[in-house]
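J.: In the order they appear, the protein sequences are chains A and B.
Count along the first sequence starting at 1, add 341, and that's the number in the numbering used here.
Count along the second sequence starting at 1, add 28, and that's the number in the numbering used here.
Below: one structure in structure tokens.
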Amino acid sequence: MKALRRSPPKSAKAPTGIAGFDEITGGGLPRGRTTLLVGGPGSGKTILALQFLVHGARHCREPGVFVAFEETSKRIAGNAEGFGWKLAELGPRKVFFLDAQPTPDLVQSGNFDLGGMLAMLEAQTRQMRTRRIVFDALDIVLALLPDAAARRREVYRLHEWLLKRGLTGLITAKAGGDEATTIGAQPFGFMQFMVDCGVILSHSVVMGVSQRNLRVQKYRGSSFDENESPFLIGASGVEVASAPTLGHAQRKVSNERVSSGVARLDTMLGGGYYRGASVLITGFPGTAKTTLSGAFAEAACKRGERTLFVSFDSDANEVIRDLASVSIRLDRYLKNGRLRMASARTITGSAETYLVRIKTLAHEHQARCLVIDPVSTWSRSGSEAAAHTVAERLIDWAKAEGITLLCTSLLDEMSSQSEGGSSQQISTLADTWIHLNYLVQAGERNRGLAIIKSRGTAHSNQVRELILSDTGVTLTDTYRAGGEVLMGTMRWEKERAEGAATEVTEVAGKLKRVRLDAEEAELLVRMKSLQVELEAKQVEKALLARTTATRKGEESRGLTRMGELRGADAETSGRK
Amino acid sequence: MKARRKATKYKFRLYVAGDAQNSAQAVANLTSLCKAYLVNRHAIEVVNVFRDPKRALADGILMTPTLVKLSPTPAPRRIVGSLSQTQPLLQALGLHHHAG
């Protein structure tokens, strides 16, 4: 992509330097050809055309001529100063203005042609070696021509001349009303068939918010983005929001984790957010969305990363003060320039305006981390659909830039308390979605935090209680009772009760052990005494056996003796 | 009344694009108009923008042909076109009394 863009010196396209436009057209306007730019009043034709010239003169070494049919060159130059284009610095040798407004006292009688102007331009462009030329509001001069044939003739004359001179021409013309689609019916509609490139600007009001769109209608010999792209007139000119086309850029995917600023949340996420991921924090008002964003910003600054914090709800100083109350100290980073706070309350306009402003700010600040609090404000300004596409592009852009993006989104308290309806459907695009909720129990509202999704990371599925204190943000363990998560006082009570219960159990255990010990000792003693008794019995028994034997021996001896003495019966000895 | 008009001299400058059709017509139309209304009290300068583009640029001439009336009116009047429509032309030049 980059290699392609570096080749333009010989390329067939003349870069306009308009952010987004060169992307849509694949490099700019067709070089040496004519482009027609049509749009309603105030649609930004003149600014776009002048920006094309200024860019050419300043960056492409292509001097340009601006033929002003409508506004005087002085006024155009004055308007350009507002964009910091410094026309005076360039001087008429680089950008030459030709005042060609028909004077009010002009009387017309019969046919005329643009031969005089072209003769003059011929001389001027040769002298300046002009490469680019703008005819602003050609319709003004065409309107003076008596009939369609004459108009056509003069446009052909102009076109022929441009082609012959090899100039990159840009002709602007008004389209009737705001409806750019009807320009085919305009008197100069045939011009659209003649030119090589057609661009339509439209300016509409959607739900009270101005919305500018640009569409490339045709581009001969080139592919281009055919969709309508929102654009706005920003601080430095026209900026077109270009949606990344397929295969636009190979995104760098990082495995690096960045801290969320809350230690336990990092654990829940398995290490933190991915670098370059888009994180969405949804929740009802007061569920500490801003606090979590602040914690993230602080952690980023602590790592030494440049961070941009865009707050839509409150003033930058308010945010800093409020976050300081939960010991998130952003002021020092603001002082050393690492953090940039932007309060967007003052920005009015379409969601597109916000996006471009944020992009510009982030670019200026070279931010690596970006916080938008809350992104849901966008849907207020203009249509929901527009806000959605803007949010989509915000995420796309942040990813392409490798910026870690954290947005908060306010959920309507009146909407369902379920976690489903996140506004603008960013939730489907975000990589990590954290939902904050109030859990009402026992007359208390406590903050609960749940990770609804986190792509590519193992994450905790438990709802945790988020506690804000003057020492910081912490997540606590939760207790479950009867399938419900206990929080706040109930959790505290449960904790207390559980503590007491443990103590009782412990004491009981101890007591039991003592008792068992005692029983054991007693048994041992008894065993000992029984053993002694046993031994005594055994001794006694042995003694008894001995005495019996002795007596028996004596008896038999006595009998033998008696027998011997009697000497009568011999069987007695055999009986034995 | 008649005497005063006789005294006024008309000075014209006509910017033409070479001999392009409209320009040639304008020269012819102006000449015949002067012949009809301003006999001996007019002067016509013809500037060819092809030959003298710088002058046309300085004078802010874009459309050809352009007729500029330098006098007698204080503010120069510009008339663009082949000068074929006599009525508006005379009006612009302040000669419509004659035509009427």
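C-beta atoms are modelled at their ideal positions from N, C-alpha and C, and glycine is treated no differently.
Since the structure is predicted, the reported quantities are computational estimates derived from the model, not experimental observations.
#1: Please tell me whether S110 of chain B has its Cβ less than 7 Å away from any Cβ of chain A.
#2: Report the three-state DSSP secondary structure of L394 of chain A (helix, strand or coil).
#3: Just checking my contact of P93 of chain B with V448 of chain A at CB under 8 Å: how many whole Å lie between their CB atoms?
#4: Please classify F362 of chain A as buried or exposed, where buried requires at least 16 other C-beta atoms within 10 Å of its C-beta.
#5: Hey, is N68 of chain B's beta-carbon within less than 7 Å of any beta-carbon in chain A?
#6: For chain B, is any of its Cβ atoms less than 7 Å away from the one on L573 of chain A?
#7: By a C-beta neighbour count over all protein chains shown, 10 Å radius and 16 as the cutoff for buried, is M919 of chain A buried or exposed?
#8: Give the interface partners of L117 of chain B over in chain A, defined as CB-CB distance under 7 Å, in chain order.
#9: Got a sec? Which residues, its chain only, sit under 7 Å from D488 of chain A by beta carbon, not counting five neighbours each side?
#10: Spatial neighbours of V546 of chain A within its chain, please: CB distance less than 8 Å, with the 5 preceding and 5 following residues excluded, ordered by chain position.
#11: Is it buried or exposed, T648 of chain A, if we count other Cβ atoms within 10 angstroms and call 16 or more buried?
#12: Quick one, which of A:R467, A:L455, A:R470, A:L511 has its alpha-carbon nearest G369 of chain A's?
#13: Straight-line CA distance for L735 of chain A to L747 of chain A?
#14: Pull up the CB-CB distance for G373 of chain A and T509 of chain A, whole angstroms please, since I reckon it's below 8 Å.
#15: Just checking: is the beta-carbon of A86 of chain B within a distance shorter than 7 Å of some beta-carbon in chain A?
#16: By DSSP, does V536 of chain A sit in helix, in strand, or in coil?
#17: Sort out for me which residues DSSP pairs E785 of chain A with in a bridge.
#18: Kindly say whether R32 of chain B, judged by its beta-carbon, lies nearer than 7 Å to any beta-carbon of chain A.
#19: Between which residues of its own chain and G829 of chain A is the CB-CB distance below 6 Å, once the five residues before and five after are set aside?
#20: To which residues of the same chain is Q558 of chain A closer than 6 Å at the C-beta, ignoring the five residues directly before and after it?
#21: Alpha carbon to alpha carbon, what distance is there between I365 of chain A and H589 of chain A?
#22: What residue range is occupied by the uninterrupted alpha helix (DSSP H) comprising P116 of chain B?
#23: Given L587 of chain A, which residues of its chain have a CB within under 8 Å of its CB, disregarding the five upstream and five downstream residues?
#24: What does the alpha-carbon distance come out to for the pair R32 of chain B and R79 of chain B?
#25: So R472 of chain A and P371 of chain A are in contact, right, with Cβ under 8 Å, and what is the actual spacing, rounded?
#26: Would you mind working out which of A:K415, A:A842, A:E876, A:D714 sits nearest A429 of chain A, comparing C-alpha positions?
#27: Determine, using beta carbons only, whether D566 of chain A comes closer than 7 Å to chain C.
#28: Taking 7 Å as the threshold (beta carbon to beta carbon), is A484 of chain A in contact with chain B?
#29: Within 10 angstroms of its Cβ, does E742 of chain A collect 16 or more other Cβ (buried), or is it exposed?
#30: Give the residues from the region 52-83 of chain B that approach chain A closer than 8 Å (Cβ to any Cβ), ordered along the chain.
#31: Just how far apart, CA to CA, sit A838 of chain A and R670 of chain A?
#32: At which residues does the beta strand (DSSP E) containing I107 of chain B begin and terminate?
#33: Around the C-beta of W738 of chain A, are 16 or more other C-beta atoms found within 10 angstroms, so that it is buried, or is it exposed?
#34: In this structure, does DSSP put M868 of chain A in helix, strand or coil?
#35: Excluding the 5 residues preceding and the 5 following I574 of chain A in the sequence, name in chain order all residues of the same chain whose CB lies nearer than 7 Å to its CB.
#36: Grab me the residues of L641 of chain A's own chain with a C-beta within less than 6 Å of its C-beta, minus the 5 sequence neighbours each way, in chain order.
T.: According to the data block:
#1: yes
#2: helix
#3: Contact doesn't hold; Cβ gap of about 13 Å is too wide.
#4: buried
#5: no
#6: no
#7: No answer is possible for residue 919 of chain A: it lies beyond the span of chain A, which begins at 342 and ends at 917.
#8: S450
#9: none
#10: Q552
#11: buried
#12: A:L511
#13: 11 Å
#14: 6 Å
#15: no
#16: coil
#17: A:Q782
#18: Here R32 of chain B scores only 48 on pLDDT, less than 50, and its place in the model is too uncertain to base an answer on.
#19: E785, N787
#20: G539, I541
#21: Because the pLDDT of H589 of chain A is 48, which lies under 50, any placement of that residue in the model is unreliable, and the number read from its coordinates should be weighed accordingly. Taking the straight line joining both Cα atoms gives about 11 Å.
#22: 114-121
#23: Because the pLDDT at L587 of chain A is just 47, under 50, the model does not fix this residue reliably, and the point stays unresolved.
#24: In this prediction, R32 of chain B has a pLDDT of 48, which is less than 50 and means its spatial position is unreliable; what the coordinates show is noted afterwards. Their Cα atoms are separated by approximately 38 Å.
#25: Actually they are not in contact, since the Cβ atoms of R472 of chain A and P371 of chain A sit about 13 Å apart, beyond 8 Å.
#26: A:K415
#27: Here chain C cannot be found, since the structure's protein chains are A and B.
#28: no
#29: buried
#30: Q53, A54, N57, V77, F78, P81, K82
#31: 36 Å
#32: 105-108
#33: buried
#34: helix
#35: G385, I388
#36: Here residue 641 of chain A turns out to be Ala, not Leu, going by the sequence shown. For A641 of chain A, where only same-chain residues beyond five positions count, the Cβ hits under 6 Å are T648, C710.
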